[in-house]
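Sequence order for the protein chains is A and B. Here the first sequence stands for residues 1 to 801, where the numbers follow the working numbering. Here the second sequence stands for residues 1001 to 1151, where the numbers follow the working numbering. Each residue gets a CB set at the ideal place from its N, CA and C atoms; glycine is no exception. These numbers come from a predicted model, not from an experiment.
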Amino acid sequence: MTETQSLGLGGKGPDPKPRLLRESVVIAITVLLGGLAIVAVAVASQDWEIPEYAITDENLWPYLLLVLMAMAAEIVYVPIRHGEVTEDLTFFEVLVVAATLLFAPLVALVLPLVGFIIADFLLGRPIKKTLFNVGSFALATSALVVIYGSQAAEFERFSLGWLLLVFAGVTAFTVINLFMLAWILSVEQDEENRSKSIREFVRDEWKLSFWMGAGSAASAIVLVILEVTAPVLMPLAAIPIAALWYVYKSNQLRLKEIERNKSLLELNRTLTLVDPRTQRVTPLNKLVPEAAENLRRAFLAKSQRGEEESGGAVVLVHGAVYGSFGGKDENLAAEEEMLLSKWRAEARADVTELRSELLPKRWDRGYVVQIPLDSDPNAALVIGKSWQNKGVDKVLPWSKGNWEIPKADMPILASLAASLGGAIQARNFFDEKSEEAGKLAAVVDNISDGIVLMDSEHRIQLWNSAMERIVGFAEAEVNLLDERTAELHNQLTGLTQDWAGTEPDQTEEINSYALTVRRADGESRELDVVVVQISVQRIDQDADLAYLMTVRDITKERRVERMKADFIATVSHELKTPITPIKSYSQRLLTGWETLPPDKRDRMLQTILERSDHLTRLVNDFTEVQEVSERTSATLEVNVADTSLAQLVHDTAAAFPGLAERLVVKGTDAGVRCDHDRTVQCLSNLIGNAEKYSEPSTPIKIDMNTAGDEEWGIIAVSDEGRGIPAGELDRVFEQFYRVEDPMTMTTGGSGLGLYISRVLARAMGGDISVQSTLGEGSTFVLRLPRRLEEGQHEKAPGSGR
Amino acid sequence: MKRLLVVDDDSFVREMLRDLLEEKGYEVVEAEDGPTALAAVSERVPDLVILDIMMPGLSGIDVLKQLRKKYSANDLPVILLTAKSDDDTTWQGWTSGVSVFLPKPFDNDHLFDWVRRLVQEGSTDPSASASGNSDLGGEGQISELGALDND
């Protein structure tokens, strides 16, 4: 006789509601069918001829005995697990068959069910399970009773026909019971990857059910024969019942073994660093609960009928597993504390130290790590250490207050503990390395210098994003070695030649190289490359030599350096030229003052004076560059005041009396707000440039306007000179930049005027821009903030462009 | 009277050279840039050219190269005035056939000395330039090369 007993873990499925609903429907149908069957038997049995041997006693005790025996048969059981669901094998079927053979049909149907209900009530089983089982049994027993009861009178007791009739009835019972069981189990057991269809249940279980049916029938018949022929021998009926019990037991072990193997296989999968199914690393906070759950499944402790199974696994992890091989106790304690806090944080585990009276024998210390498992709130791992002071690891199944460990399970548990310990250690190690690698990767990717790692065969192993930015090629492109990147690769490879033939670690040399490379976009970049030879550990290989290159783009610095060198050469030239007449005239005046006519002396002295003034202006210009170079536009001091475009142009033009005929001033005046002197300085510069770069016969136009803009006042200075090549337009405002080659320097400028002017203009909230056509002339546009009217927002100097 | 051509874009320098050299009895002709100088030479070849390097349009080096196409160092000695004395400029000067470099600002006596020698001898004398001035000693030796190149 089999009946269902759910573990009641509930809620494990993704959506438990349909399952509950389906379960309720199945139970309701079963109860309804069972009830109908009872009514049908009650009605039909009135017409049946009751065999004379049937017990129809006037006394109550045979009926009482039947109920009591039904209770006993139900209480003695062997649980068989089907994953989450347990099937209980009982002797109820034996009793039902015996009752059918001995009592009137309705009695044989109803009284065992009464005993069953009482037993379930006493055991405190859930009502829905009792309901299902009662309904299922009522249906199955009805079939048995109908087949046997309706025909029993036709056959002589113990004749062959009678025996066949009994077996036909029992077969009907078994088939109906098996089907009902398969139905409810398939509904209850819908956990992912573990669900079985009704057909699969029947296929797996029919043999067991058949032999149970046959055994039950045989036992019942033997019981009846003994009762009829030799009641004194009735205890011998225990022998076939015992045999049946043994079948139950061995079947229980077989199924338990299957379940355990399944769970252990699952556990093994959990313990591997990379999950073979998902190809992902199982994190520690998943590993621990999953391992606990698998251990719980594999070594589930015996549960009391009706109680929900609670339990877990006890893991004894010796400190040695965590790397302190025979180390000091302090190390172990620190190790242990670290692990526990990690589990508290990562596995959301509730860690409590075990009270000493709960510790298994010879334990120094133990922890209960309560891991919130959805399936079972009581499942737990227990971590302890020091098992007889040996480095032996133990995993023990654990259920509430039960520390008994089956001896047969000890070897497999010990090896599991070692595996689990190893897996935890591997996971910890992996986490540490991942974190480390993550940090390093972040540094390598965000550092401003390019980093290249080249192996001994000159393959690029690492090429960070800064490197990609500097040269414009990605790592994959460089390793392709196509015509675009072959040269760059060769250049980098060339830098490693200095180490050719050296052994790893033999040299600690750090070499720095200057390299000029061509970017992906064709632009030339100057690089400073520092090369170090290092030794890199490779997977499955010996350490390999590699070259670590730190690459800095110094193109800009180099350009500034060159410009500064040019500047110094220029300064030197600019200063020496006016000094030449000063020196020569002074010498002449000193060596023969009297021999010179007075007018000539005066002219010489006049020249000396003029050239000295020129020198002073030059020196001022250089000093000013020094000043604006050190400050930004925002901090440069300007004295902003109200003035007008016309005023500024007038005051600037006054400083160029020689240009009066060339200057063409037009446009409309507008009030602007700026530093008058600084602005005149800017304009002087623009006009001076126009003069320098154009023929004396051409006009220099000064156009004032507001360009329809409320915000800006504009002064445009245009010349009809040589113009500026389009490619150099952006650079004219750079420090030290000059349009012409310093070798053929014609203008005597310092290359600083426009730079200074733009810095000043921006400091006043304005700007200078340029348009130019080569050979036709250039137009420099000075833009200044308009003078503020009443109530207008004050524009802070330096904030606008 | 020996005729000198002074080429410099800086009018102050030109005027100063005229003042000094006329006093010494030379005839001084001025040119403010390269093309003017070349035109002046083709009109009438002077005895000596004093040539500034940094000038608008044609640089002094360019003018020198043009001159050396027609006149050897013996025919027409050239003094290059320079305010810029980097290696590249010096090298270009020597390979182009300069007679003497005179860095700005110069000592009047050095100017007079070189002008006198070059005008009187009509050619570059290596021994004279080597002993003439210690500053110019090194350059004087290279001047031999320049002279040989152009011979």
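What's the gap between the Cα of Q771 (chain A) and the Cα of S1059 (chain B)? Counted from its first residue, the first sequence places residue 771 (chain A) at position 771. Counted from its first residue, the second sequence places residue 1059 (chain B) at position 59. Roughly 29 Å separates the two Cα atoms.
Please report how far the alpha carbon of L106 (chain A) lies from the alpha carbon of N177 (chain A), in whole angstroms. Along the first sequence, read from residue 1 onward, the residue named residue 106 (chain A) stands at position 106. Along the first sequence, read from residue 1 onward, the residue named residue 177 (chain A) stands at position 177. In this model, L106 (chain A) and N177 (chain A) are separated by some 19 Å (Cα to Cα).
At least one CB of chain A closer than 9 Å to the CB of D1019 (chain B): is that the case? Within the second sequence, the letter at position 19 stands for residue 1019 (chain B). Contacts with chain A at 9 Å (Cβ-Cβ) include D1019 (chain B).
Is there contact between the region 580-591 of chain A and the region 1007-1022 of chain B, where contact requires at least three CB pairs shorter than 8 Å? In short, these stretches touch, since the Cβ pair count reaches three.
Going by DSSP, which residues form a beta bridge with F155 (chain A)? Numbered from its first residue, the first sequence carries residue 155 (chain A) at position 155. Answer is none; F155 (chain A) lacks a bridge partner.
Check whether chain A comes within 9 Å of L1013 (chain B), counting only Cβ atoms and requiring the distance to be less than that. Taking the second sequence and counting its residues from 1, one reaches residue 1013 (chain B) at position 13. Looking at the sequence provided, one finds Val at residue 1013 (chain B) rather than Leu. Yes, contact with chain A.
Using only the alpha-carbon positions, how far apart do A172 (chain A) and A143 (chain A) sit? Translated into the one-based positions of the first sequence, residue 172 (chain A) becomes position 172. Translated into the one-based positions of the first sequence, residue 143 (chain A) becomes position 143. Across the structure, A172 (chain A) and A143 (chain A) are spaced so that their CA atoms are roughly 6 Å apart.
Exposure label - S633 (chain A); buried when at least 16 CB within 10 Å: The residue you call residue 633 (chain A) lines up with position 633 of the first sequence. Note that S633 (chain A) scores a pLDDT of 49, beneath 50, so its modelled location is shaky and nothing firm can be said.
Where in the region 687-736 of chain A do unbroken runs of the beta strand (DSSP E), each at least 3 residues long, occur, reported from the N-terminal end onward? The region 687-736 of chain A contains these whole beta strand (DSSP E) runs: 700-705, 712-718.
Is S769 (chain A) helix, strand or coil by DSSP? As a first step, residue 769 (chain A) is located in the first sequence; it is residue number 769 there, counting from the start. If DSSP states are grouped into helix, strand and coil, S769 (chain A) belongs with the strands.
Does the region 88-100 of chain A come into contact with the region 209-223 of chain A, if we say contact requires no fewer than three beta-carbon pairs (one atom in each stretch) closer than 8 Å? Yes, they touch.
Spatial distance of E52 (chain A) from E154 (chain A) (CA atoms): Here residue 52 (chain A) refers to the residue found at position 52 of the first sequence. Here residue 154 (chain A) refers to the residue found at position 154 of the first sequence. In a straight line, the C-alpha of E52 (chain A) is about 12 Å away from that of E154 (chain A).
Chain-ordered neighbours of K1065 (chain B) on chain A, where CB pairs are closer than 9 Å: Here residue 1065 (chain B) corresponds to residue number 65 of the second sequence, with the count starting at 1. For a Cβ distance threshold of 9 Å, nothing in chain A lies close to K1065 (chain B): the least Cβ distance comes to about 13 Å.
Runs of 3 residues minimum, wholly inside the region 1011-1073 of chain B: which ones carry the beta strand (DSSP E) assignment? Taking only runs of at least 3 residues, the beta strand (DSSP E) segments lying wholly in the region 1011-1073 of chain B are 1027-1031, 1048-1052.
In chain A, what lies closer than 7 Å to K1002 (chain B) by C-beta? Counted from its first residue, the second sequence places residue 1002 (chain B) at position 2. Below the 7 Å Cβ cutoff, chain A contributes no neighbours of K1002 (chain B), its closest Cβ being approximately 20 Å away.
With C-beta atoms as the reference, is E720 (chain A) less than 9 Å away from G777 (chain A)? Translated into the one-based positions of the first sequence, residue 720 (chain A) becomes position 720. Translated into the one-based positions of the first sequence, residue 777 (chain A) becomes position 777. For E720 (chain A) and G777 (chain A), yes; Cβs fall inside 9 Å.
Could you round the C-beta distance between S448 (chain A) and A546 (chain A) to whole angstroms and report it? I think they count as a contact, below 8 Å. Along the first sequence, one-based indexing puts residue 448 (chain A) at 448. Along the first sequence, one-based indexing puts residue 546 (chain A) at 546. With 8 Å as the limit, S448 (chain A) and A546 (chain A) do not qualify as a contact, their Cβ atoms being about 22 Å apart.
Cβ-Cβ distance between V529 (chain A) and R552 (chain A) below 9 Å: To locate residue 529 (chain A), count along the first sequence from 1; it is residue 529. To locate residue 552 (chain A), count along the first sequence from 1; it is residue 552. Yes. Within cutoff.
Which residue's Cα is closest to the Cα of M1055 (chain B): B:T1036, B:K1070, B:S1072? By one-based count along the second sequence, residue 1055 (chain B) stands at place 55. Among B:T1036, B:K1070, B:S1072, the Cα nearest to that of M1055 (chain B) is on B:T1036.
Please check if any C-beta of chain A sits within less than 9 Å of the C-beta of P1035 (chain B). Start at 1 with the first residue of the second sequence, and residue 1035 (chain B) comes out as number 35. For P1035 (chain B), the closest Cβ of chain A is not nearer than 9 Å.
So, under 8 Å CB-CB, L1076 (chain B) and L1051 (chain B) are touching, yes? Tell me the CB distance rounded to an integer number of Å. One-based indexing of the second sequence puts residue 1076 (chain B) at position 76. One-based indexing of the second sequence puts residue 1051 (chain B) at position 51. That pair is no contact at about 11 Å.
Have a look at B:Q1120, B:P1046, B:T1089 and flag the residue whose alpha-carbon is nearest the alpha-carbon of E1030 (chain B). Locating residue 1030 (chain B) in the second sequence gives position 30, where the first residue counts as 1. Distances from the CA of E1030 (chain B) to each of B:Q1120, B:P1046, B:T1089 were compared; the closest alpha carbon is that of B:P1046.
Please tell me whether L1038 (chain B) and V1063 (chain B) are closer than 9 Å, where the distance is taken between their beta carbons. As a position in the second sequence, residue 1038 (chain B) is number 38, starting the count at 1. As a position in the second sequence, residue 1063 (chain B) is number 63, starting the count at 1. In contact: L1038 (chain B) and V1063 (chain B) (Cβ atoms closer than 9 Å).
Within a Cβ cutoff of 7 Å, which residues of the same chain sit near I117 (chain A), ignoring the five residues on either side of it in sequence? Here residue 117 (chain A) is taken as the residue at index 117 of the first sequence, counted from 1. So the list reads T130, V134, once near-sequence residues are dropped.
Residues of the region 542-571 of chain A with a CB closer than 9 Å to any CB of chain B: list them in chain order, please. For the region 542-571 of chain A, the residues whose beta carbon sits under 9 Å from a beta carbon of chain B are, in order, A569, T570.
Less than 9 Å between CB atoms is the rule here; does M604 (chain A) satisfy it with respect to chain B? For the purposes of this step, residue 604 (chain A) is identified with residue 604 of the first sequence, where counting begins at 1. At a cut-off of 9 Å between C-beta atoms, M604 (chain A) counts as an interface residue with respect to chain B.
Run through the region 610-686 of chain A for me and flag every whole alpha helix (DSSP H) of 4 or more residues, listed as ranges in chain order. Within the region 610-686 of chain A, the complete alpha helix (DSSP H) runs of at least 4 residues are 645-653.
Tell me the DSSP bridge mates of S524 (chain A)? As a position in the first sequence, residue 524 (chain A) is number 524, starting the count at 1. In the DSSP assignment, S524 (chain A) is bridged to A:R518.
Is any beta-carbon of chain A found at less than 9 Å from that of D1107 (chain B)? Along the second sequence, read from residue 1 onward, the residue named residue 1107 (chain B) stands at position 107. Closer than 9 Å to some Cβ of chain A, the Cβ of D1107 (chain B) qualifies, so yes.
G766 (chain A) and W712 (chain A) - do their beta-carbons sit closer together than 9 Å? In the first sequence, counting from the first residue as 1, residue 712 (chain A) sits at position 712. In the first sequence, counting from the first residue as 1, residue 766 (chain A) sits at position 766. Yes, they are a contact pair.
Give a yes or no on whether the minimum CB-CB distance between I724 (chain A) and chain B is below 9 Å. By 1-based counting over the first sequence, the position of residue 724 (chain A) is 724. Taking Cβ atoms only, chain B never reaches closer than 9 Å to I724 (chain A), which makes this a no.
With 16 as the cutoff for other CB atoms within 10 Å, does M704 (chain A) come out buried or exposed? Counting from 1 along the first sequence, the entry for residue 704 (chain A) is found at position 704. Flag for M704 (chain A) reads buried.
Taking the C-alpha atoms as reference points, what is the distance between V471 (chain A) and I1061 (chain B)? Indexing the first sequence from 1 puts residue 471 (chain A) at position 471. Indexing the second sequence from 1 puts residue 1061 (chain B) at position 61. When rounded, the distance between both Cα atoms is 40 Å.
Where do the N-terminal and C-terminal ends of the alpha helix (DSSP H) with E173 (chain A) fall, by residue? For the purposes of this step, residue 173 (chain A) is taken as residue 173 along the first sequence, with counting starting at 1. Per the sequence shown, residue 173 (chain A) should be read as Phe rather than Glu. Boundaries of the alpha helix (DSSP H) around F173 (chain A): 160-188.
Does T779 (chain A) come within less than 9 Å of chain B when only Cβ atoms are used? Locating residue 779 (chain A) in the first sequence gives position 779, where the first residue counts as 1. Taking Cβ atoms only, chain B never reaches closer than 9 Å to T779 (chain A), which makes this a no.
Check for me: the beta strand (DSSP E) holding A252 (chain A) runs from which residue to which? Mapped onto the first sequence, residue 252 (chain A) falls at position 252. Correcting the residue identity first, residue 252 (chain A) is Gln in this sequence and not Ala. For Q252 (chain A), no beta strand (DSSP E) segment is defined; the enclosing uninterrupted segment is the alpha helix (DSSP H) at 238-271.
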